[in-house]
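Scroll down for the structure; my scribbles are underneath it.
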Amino acid sequence: MSRQGSVDDIESQQKNGMTSSATAAPVEPRHRQLADPSPLGLLAFAQALFLVSLFGVNPQGVTTPNILIASLIAYGGLGQTIAGIFAFIHGNTFGATVFCTYAGFQLSYALIYLPGSGIIAAYTDATTGLPTADFLTAISLFIWAWFIVTMIFTVAAVRSNLIMLLVLVFTDLTLLFLAVYYQTSIAACGTAASAFGFVTAFMAYWAGAQALWSVTNGVNLPMIPLTKQEKSA
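Anchor point for the sequence shown: position 9 equals 955 in the numbering used here, and the numbering is continuous, going up by one each time.
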């Protein structure tokens, strides 16, 4: 084989290689799809609130609420923390803020009744063994602070959808009556707080079920958007 032939063969191979690489379809990188954290966050919120509201009306004569600590920490607090972190990853500022905030609320509420925290012990009368009046006032102030945060969330949700807005509105009412109950010891306010808590939990269950069912079996519960959605061409 001549030298010229070898050169021509090499040039031909290079041209063919350049042509094939130029005409080959570019390979698009595959990104791992992250799951929607909304079902976990909403259902964890609903479950914890349902149990708190249930024990608020003393079901079957049960008056000791300490069993709630397990649910508030293991599902309400931990579940919403995970949902909030993944909402941050998804770029969902509202969801991340709400889930992480209520995770903190439920964890801190559970911590109050956790014997090892010493919080209730600090407010217990050594003579009677019962919580002092300062404890009720302190709990009331604690809940008022969370009421303010929830009002901020409510304003942020006015252009989302009706179900989510109602979740936050009824959360406002639940916290409002609960704070008044601890401040005044009016039994009717405690009953109202539990009633609004049940409604809030139902709305949150609804929103969580919609977020889960829509991606698992195509069932879409109405969420009723509060803004007109643009129709795609």
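Just so you know, even glycine gets a beta-carbon here, dropped at the ideal spot from N, CA and C.
Identify, in the order they occur along the chain, each residue of the same chain with its Cβ nearer than 8 Å to the Cβ of residue i, setting aside the five sequence neighbours on each side.
| i | result |
| --- | --- |
| A1157 | D982, S984, P985, L988 |
| I1132 | V1126 |
| W1159 | V1165, N1166, L1167 |
Quick check on DSSP: helix, strand or coil for residue i?
| i | result |
| --- | --- |
| T1070 | strand |
| P985 | helix |
| P1005 | helix |
| P1171 | strand |
| P1061 | helix |
| A1179 | At A1179, the pLDDT of 39 sits below 50, so the modelled position is not reliable; the number obtained from the coordinates is stated separately. It is coil, neither helix nor strand. |
Am I right that residue i and residue j are in contact with their C-beta atoms under 8 Å? What's the rounded C-beta distance?
| i | j | result |
| --- | --- | --- |
| M927 | V1113 | The chain is shown only over 947 to 1179; residue 927 falls outside these bounds and no answer can be derived. |
| S1106 | L1172 | 6 Å |
| A1139 | G1002 | 6 Å |
| I1065 | P1077 | Contact doesn't hold; Cβ gap of about 10 Å is too wide. |
| F1099 | S999 | Their Cβ separation, rounded to whole angstroms, is 19 Å, which puts F1099 and S999 out of contact at 8 Å. |
CB-CB under 7 Å to residue i, same chain, minus the five flanking residues each way: which ones, in chain order?
| i | result |
| --- | --- |
| L997 | L1014, S1017 |
| A1102 | F1040 |
| M1097 | D1118 |
| Y1048 | F991, Q1026 |
| W1092 | F1051, L1121 |
| M1110 | A1103, A1153 |
| W1090 | A1125 |
If you draw a straight line from the alpha carbon of residue i to that of residue j, how long is it in whole angstroms?
| i | j | result |
| --- | --- | --- |
| L1060 | V1165 | 40 Å |
| F1142 | H1036 | 31 Å |
| A1068 | N1163 | 51 Å |
| T1137 | A1147 | 15 Å |
| F991 | T1074 | 36 Å |
| F1032 | D1071 | 44 Å |
| S967 | Q979 | Its pLDDT being 48, under 50, S967 is placed unreliably in this model, and the value from its coordinates should be taken loosely. Rounded to the nearest angstrom, the two C-alpha atoms are 29 Å apart. |
| S1063 | L1108 | 39 Å |
| C1046 | F1034 | 10 Å |
| Q1129 | T1043 | 28 Å |
| A1020 | I1028 | 11 Å |
| V1095 | A994 | 18 Å |
| V1115 | V1008 | 29 Å |
| T1010 | N1004 | 9 Å |
| K1174 | N1038 | 20 Å |
| C1135 | V1161 | 40 Å |
| G1030 | Q1006 | 35 Å |
With hydrogens ignored, establish whether the beta-carbon of residue i is closer than 7 Å to any heavy atom of the ligand SAM.
| i | result |
| --- | --- |
| S1131 | The ligand content of the structure shown is nil, which means the ligand SAM is not present either. |
Considering only residues of the same chain and omitting the five flanking positions on each side of residue i, which have a CB-CB separation below 6 Å?
| i | result |
| --- | --- |
| F1081 | Y1069 |
| Y1151 | A992 |
| L1057 | S1063 |
| A1079 | none |
| N1012 | Y1059 |
Point to revise | Three or more C-beta pairs below 8 Å linking the segment 1085-1105 and the segment 1118-1129 | key: Yes: at least three Cβ pairs fall under 8 Å.
Task: Three CB pairs or more closer than 8 Å across the segment 1049-1068 and the segment 1019-1033 - done: Yes: the two stretches touch, three or more of their Cβ pairs being nearer than 8 Å.
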